[in-house]
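**Q** Handing you a structure now.
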């Protein structure tokens, strides 16, 4: 009943501070699988997707004040999808993976969106891990390899000297914590999406995998903010 009450409030046009507080509470509650059973419905998923700006294809990310709401809604979706097989099935029906790819591409042209990118990528990782149909959809329909490779390239701030050769800068400072986390989530999602990609059929696929290989090499030469994060990145 508490979760339902929170979602009823979130469905209304409430203040940003109220939305964030409600989403934080829901995120904590959503760690409990028993709590999720009655609230994992198509309507409730759509409420959270709307708050995460996953229901709009064209609208850009402009209002910085809304960013905390987007991040918390994505965190809630991560918990719900991880803990609920019903939510995993609904994700395919609601075309969640396509909406996440669209949001990720919007982030590429914006500053101050690292948290949004990170949890968008984490959600793509979870979907590709837990639902084989979504994994196939990402690979075959949504250009998932390209989208995720570009997200990794952006997180690592790769500069190119040749088509498949990234610039090596020995004096480059370590990645920030947010950049490192984004790169790690992109790598995890890429692993899932390319898991069954041992047989490359087209020239475009060959290009994508050579491009990705160059970025992965660059990644191995990159350090994170701590020794532990560098090890996790590698």
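In my numbering, the protein residues as written are 1009 to 1242.
Every residue gets a Cβ at the ideal spot worked out from N, C-alpha and C, and that includes glycine.
Because the structure is a prediction, the values reported are computed rather than measured.
Between the segment 1185–1198 and the segment 1152–1164, do at least 3 Cβ pairs fall closer than 8 Å?
**A** Counting Cβ pairs under 8 Å, three or more are found: they touch.
**Q** Please list the terminal residues of the continuous beta strand (DSSP E) segment that includes residue 1064.
**A** Stepping through the chain shown from its first residue, residue 1064 is reached at position 56. Element bounds for residue 1064: n/a, residue is neither H nor E.
**Q** Residue range of the alpha helix (DSSP H) that residue 1213 falls in?
**A** In the chain shown, the residue the question calls residue 1213 occupies position 205. 1211–1228 is the extent of the alpha helix (DSSP H) around residue 1213.
**Q** If I measure Cβ to Cβ from residue 1109 and keep anything under 6 Å in the same chain, skipping five residues before and after, which residues do I get?
**A** Within the chain shown, numbered from 1, the residue matching residue 1109 stands at position 101. Hits under 6 Å: 1150, 1155.
**Q** Under a Cβ-count criterion, where at least 16 other Cβ atoms within 10 Å of its own Cβ denotes burial, should residue 1226 be classed as buried or exposed?
**A** The residue given as residue 1226 occupies position 218 in the chain shown. Buried, because 16 or more other Cβ atoms sit within 10 Å of the Cβ of residue 1226.
**Q** Is the beta carbon of residue 1182 less than 8 Å from the beta carbon of residue 1232?
**A** As a working note, residue 1182 is residue 174 in the chain shown. As a working note, residue 1232 is residue 224 in the chain shown. Yes; because the gap between Cβ atoms is below 8 Å, this pair is in contact.
**Q** Applying the criterion that 16 or more other CB atoms from any shown protein chain within 10 Å of the CB defines a buried residue, is residue 1167 buried or exposed?
**A** Position 159 of the chain shown, counted from the start, is the residue given in the question as residue 1167. Residue 1167 comes out exposed.
**Q** Alpha carbon to alpha carbon, what distance is there between residue 1079 and residue 1148?
**A** To locate residue 1148, count along the chain shown from 1; it is residue 140. To locate residue 1079, count along the chain shown from 1; it is residue 71. Between residue 1148 and residue 1079, the C-alpha separation is close to 28 Å.
**Q** Distance check for residue 1029 and residue 1076, CA to CA, integer angstroms please.
**A** The count along the chain shown starts at 1 and reaches residue 1076 at position 68. The count along the chain shown starts at 1 and reaches residue 1029 at position 21. Going from the Cα of residue 1076 to the Cα of residue 1029 covers about 10 Å.
**Q** Using the rule of at least 16 other Cβ atoms within 10 Å of the residue's Cβ for burial, across every protein chain shown, is residue 1131 buried or exposed?
**A** Stepping through the chain shown from its first residue, residue 1131 is reached at position 123. Counting Cβ neighbours within 10 Å, residue 1131 comes out buried, since at least 16 surround it.
**Q** Can you check which of these residues, 1143, 1176, 1082, 1174, is closest to residue 1111 by C-alpha distance?
**A** What you label residue 1111 is simply residue 103 of the chain shown in a count that begins at 1. Closest option to residue 1111, Cα to Cα, is 1082.
**Q** Looking only at C-alpha atoms, which of 1023, 1059, 1085, 1137 sits nearest to residue 1036?
**A** As a position in the chain shown, residue 1036 is number 28, starting the count at 1. Of 1023, 1059, 1085, 1137, the residue nearest in Cα terms is 1085.
**Q** Within 10 angstroms of its Cβ, does residue 1016 collect 16 or more other Cβ (buried), or is it exposed?
**A** The residue labelled residue 1016 in the question sits at position 8 within the chain shown. Exposed, because fewer than 16 other Cβ atoms sit within 10 Å of the Cβ of residue 1016.
**Q** Within the same chain, show all residues whose beta-carbon is closer than 8 Å to that of residue 1134, passing over the 5 residues directly before and after it, in chain order.
**A** Residue numbering aside, residue 1134 sits at position 126 when the chain shown is read from its first letter. Counting only Cβ-Cβ distances below 8 Å, and skipping sequence neighbours, we find 1086, 1089, 1090.
**Q** Let me confirm a value: residue 1174 is counted as buried when at least 16 other C-beta atoms fall within 10 Å, else exposed. Which label applies?
**A** What you label residue 1174 is simply residue 166 of the chain shown in a count that begins at 1. Buried, since its Cβ has 16 or more Cβ neighbours within 10 Å.
**Q** Based on the DSSP secondary-structure assignment, which residues constitute the bridge partners of residue 1173?
**A** If you number the chain shown from 1, residue 1173 lands on position 165. Residue 1173 is bridged to 1170.
**Q** What residue ranges within the segment 1083–1168 form continuous beta strand (DSSP E) runs of no fewer than 3 residues, ordered along the chain?
**A** DSSP runs (the beta strand (DSSP E)) wholly in the segment 1083–1168: none.
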